[in-house]
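Heads up: the sequence lines are chains A and B, in that order.
The numbers in the first sequence follow the numbering used here, run straight up by one, and end at 415.
The numbers in the second sequence follow the numbering used here, run straight up by one, and end at 415.
A virtual CB, placed ideally from N, CA and C, is assigned to each residue, including glycine.
Note that the coordinates shown come from a computational prediction; the quantities given were computed from them, not determined experimentally.
Worksheet: one structure, shown below.
2 protein chains.
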Amino acid sequence: MKFVIADGQSELEALKAMQARSTEIDDNVTKTVQKIIADVRSRGDEALKEYTLKFDGVNTDCFELTSEDIDNAYNSVSGEIISALKRAAENIRDFHERQLQQSWLTTKENGIMLGQRVRGLKRVGIYVPGGRAAYPSSVLMNAIPAKVAGVKEIIMVTPPSKDGKVNPNILAAAKVAGVDRVFAVGGAQSVAALAYGTQTIPKVDKIVGPGNIFVATAKKLCFGVVDIDMIAGPSEILVIADETAEPKFLAADLMSQAEHDPMASAILLTTSKEIAEKTIEEIEKQKKALSKRSIIEESLENFGVVIVCKTLDDCINIANEIAPEHLELMVENPMEYLGRIDNAGSVFLGKYAPEPLGDYFAGPNHVLPTSGTARFFSPLSVDAFVKKSSFIYYTKEALEKGRDDIVALAECEGLTAHANSIKVRF
Amino acid sequence: MKFVIADGQSELEALKAMQARSTEIDDNVTKTVQKIIADVRSRGDEALKEYTLKFDGVNTDCFELTSEDIDNAYNSVSGEIISALKRAAENIRDFHERQLQQSWLTTKENGIMLGQRVRGLKRVGIYVPGGRAAYPSSVLMNAIPAKVAGVKEIIMVTPPSKDGKVNPNILAAAKVAGVDRVFAVGGAQSVAALAYGTQTIPKVDKIVGPGNIFVATAKKLCFGVVDIDMIAGPSEILVIADETAEPKFLAADLMSQAEHDPMASAILLTTSKEIAEKTIEEIEKQKKALSKRSIIEESLENFGVVIVCKTLDDCINIANEIAPEHLELMVENPMEYLGRIDNAGSVFLGKYAPEPLGDYFAGPNHVLPTSGTARFFSPLSVDAFVKKSSFIYYTKEALEKGRDDIVALAECEGLTAHANSIKVRF
């Protein structure tokens, strides 16, 4: 972990290295994925079958899991996990229900009515990675907002393991979250299937969920044919700590993010040199007991930074520059600083709001903008699963009042047929 | 214009031809644009200067217009146009102000506080095409929602004409809408400049606005580095008419869309064969006086369809399948059908709500999802110019209550450092 005393320059250099880690999509990957998409688009299930044999080593004609498959998986999961999933789902549902926007209508003089309708998308696809990144919590975080938005059908795709099965925790979470159909197919081929539809997999309106570089590239290439969520990069945490913070907690929280990925980034900004040093000691102590120690070490070595700043203001300015996915404010009276955070996916306030609380349980979404995109992207929300449309009702009197303005504007743009459509009515 | 009596098959074939017009991005365009982006990214203004000379034939070092330039343009525009722009801007502002979402906070037992903050993006770039597609109305429709959202700085880019100047109507609209800075640079190079920043053009958080295939491709390639609005395809109108409709109005409205582009599509669905035939006669009559007659003829020839359906229900089902950008309901009691329209960018209700009313004046945005993407995309709105972030405050008692669930979920995902960050606090 790098250790830097902020002097206006050193910290910028340290952060530049961290920011540079966001990788651009590579040409070869794009070409491979383009071919897969074209293939699934033209040959449908036959192509899916070939790619599933090639990439997952599974030979099957039947991708869809039956409700019996899902129930069996659910019943095989421990009661403790099922209860935890249900309580988490309840919190997630409660938070996301507060995001629901209403359709509205307004009336103006001469009988004008204008408004905006908001309704759930018809059908949404959720990608869930297989293997070690098979996270039931991600199923909840992607499916529940869709359900709350009023999406009529939620389709989950996930790569099968070598024996053709799907992780039972994933299926239990799918059942808790209200997923409608599950297909054991993954990779770019599953994204293509959701975008264009095949004989067995229905075409969806939007594809969400994390995936490897092939999945991310496929989503990017299908954008426009379907809607997609944001392109997720490697995860990051930034902790701002004053002298009241507990180094033990800081160390644990930084490592909770570092364990995700050797490309993950963990940054501590603190006004106290003592806290900084003690946190580094604590990391050394605590990491011995952690199963992903080697990933944590690699991630902290390359993308971990501790910066000692003069003031909390300096810390906040740097944080706003970085626009981290997760921001912990481990300071006295943390709520008082909330309004000064311009860019962050999710803000964790105080000693007892560690980042994993948000990953699993508190309710806000854990799908958050990464790699500095909190500057313009937002957490996954109910908004991502609705479509809006506007409507206009005008009376003859109302149109007559606007007539000259509309004709003038249409004619100044050289669009005489637009002007004609107004004139012809009077 | 094709004329089809719906029989369950003929209309589907007619519509397939129309839907197939959405063009995929071409490989050569992508390569050209990738090179331009890389070039602007590495050489900044120097590259901009070269591309502006090459593509626009203008040799300049100074891309930014002064406020004097803008004031002079504004003063050169007729008072009639300025007043029309101002009245349109007022309606647009009024409609979009109703879209503003509030930040919110909720409290739960044990002192938990959760919430979602909503704030305007810091800096937004608006692309405005030059030449014949230089539409002041588009400046209003893109800039005003950004302004309402609380965006701090709005940057407009637009290609210069051969004499290095910018269309004064565009500049007048920019002034009315509250655009902060204007640069006379266009094409893929201007998108790259907004995405990465150059010596003179500041890096923005989001790029919106229509453009040619090079601009659209550049936006798509820069997505992720900045946010973008949707990728716009050729425009379309679909009109549903019963026997009470006026063929004169129908003809005028269909042509108002057809004049945009030989790729534009105009569709009439009607329950009355008589109305269908009279509308076609009216088109022949009215088009003679229209300046874009040849574009209208080409567009209607290739992508114009009149379909006679048995029932209004059939009309509505076809419309929902097509998901048109603009949908006119020219029927008796149009408001009663609003709830049955599943997919449409904007719905125009009744005889006196022609599509150009929405293009210029009524208030709802005219930037709408095209080519069937109303299935999942929404009109441009204030939502497009805000970012959200969530926040979580937990007390020790609150965390203790969730502790076992969080640890169970983290451990079932194999993330022991996540579990550790909870355990270390007790």
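Residue i: first and last residue of the uninterrupted beta strand (DSSP E) it sits in
| i | result |
| --- | --- |
| Q105 (chain B) | 102 to 109 |
| E142 (chain A) | 142 to 146 |
| A230 (chain A) | 225 to 230 |
| F172 (chain B) | 170 to 172 |
| E317 (chain A) | 315 to 319 |
| Y349 (chain A) | Element bounds for Y349 (chain A): not the beta strand (DSSP E) but the alpha helix (DSSP H), 344 to 349. |
Residue interval of the alpha helix (DSSP H) (run including residue i)
| i | result |
| --- | --- |
| S335 (chain A) | First-last for S335 (chain A): 335 to 338, but that is the beta strand (DSSP E), not the alpha helix (DSSP H). |
| Y185 (chain B) | 176 to 185 |
| L357 (chain B) | No alpha helix (DSSP H) contains L357 (chain B), which DSSP labels as neither H nor E. |
| K385 (chain A) | 385 to 401 |
| S126 (chain B) | 125 to 138 |
Assigned exposure category for residue i - 16 Cβ within 10 Å defines buried
| i | result |
| --- | --- |
| F238 (chain B) | buried |
| M102 (chain B) | buried |
| S378 (chain B) | buried |
| A253 (chain A) | buried |
| C211 (chain B) | buried |
| K195 (chain B) | buried |
| I381 (chain A) | buried |
| A278 (chain B) | exposed |
| T187 (chain A) | buried |
| L1 (chain B) | exposed |
| T260 (chain B) | buried |
| S67 (chain A) | exposed |
Backbone secondary structure at residue i - three-state DSSP
| i | result |
| --- | --- |
| L258 (chain B) | strand |
| G198 (chain B) | coil |
| S379 (chain A) | strand |
| F415 (chain B) | coil |
| K(-9) (chain A) | strand |
| R419 (chain B) | Examination of residue 419 (chain B) is not possible in this model, given that chain B is present from -10 through 415 alone. |
| G328 (chain A) | helix |
| F203 (chain B) | helix |
| M439 (chain B) | Not covered by the structure: residue 439 (chain B). The range shown for chain B is -10 to 415. |
| I115 (chain A) | strand |
| F292 (chain B) | helix |
| F374 (chain B) | helix |
| D250 (chain B) | coil |
| T95 (chain B) | strand |
| D16 (chain A) | helix |
| I217 (chain A) | strand |
| F212 (chain B) | strand |
| V297 (chain B) | strand |
| R10 (chain A) | coil |
| A163 (chain B) | helix |
| K5 (chain A) | helix |
| V193 (chain A) | coil |
| E235 (chain A) | coil |
| D(-4) (chain A) | coil |
| G361 (chain A) | coil |
| S280 (chain B) | coil |
| V155 (chain A) | coil |
| Q188 (chain A) | coil |
| A312 (chain B) | coil |
| G120 (chain B) | helix |
| P149 (chain B) | coil |
Within the stretch 24 to 89 of chain B, ranges of the beta strand (DSSP E) (whole runs, at least 3 residues): none
Beta carbons nearer than 8 Å to chain A: which residues of the stretch 5 to 31 of chain B have them? none
Cβ-based contacts, 9 Å cut-off: residues of the stretch 325 to 347 of chain B near chain A: L327, G328, I330, D331, N332, A333, G334, S335, V336, F337, L338, G339, K340, Y341, A342, P343, E344, P345, L346, G347
Selection of the stretch 357 to 380 of chain B by Cβ proximity to chain A, strictly under 9 Å: L357, P358, S360, T362, A363, R364, F365, F366, S367, P368, S370, D372, V375, K376, K377, S378, S379, F380
Any C-beta of chain A within less than 7 Å: which residues of the stretch 401 to 414 of chain B qualify? C401, E402, G403, L404, T405, A406, H407, N409, S410, I411, V413, R414
For the stretch 157 to 175 of chain A, enumerate the residues whose C-beta is nearer than 8 Å to any C-beta of chain B, in chain order. N158
Taking a Cβ distance cut-off of 7 Å, strictly less, list which residues of the stretch 233 to 245 of chain B are near chain A, in chain order. K237, F238, A241, D242, M244, S245
Name, going along the chain, the residues of the stretch 188 to 215 of chain B whose beta-carbon falls closer than 8 Å to a beta-carbon of chain A. D194, K195, K209, F212, G213, V215
Positions along the stretch 383 to 399 of chain B whose CB lies within less than 8 Å of some CB in chain A: Y383, T384, K385, A387, L388, G391, D393, D394, I395, A397, L398, A399
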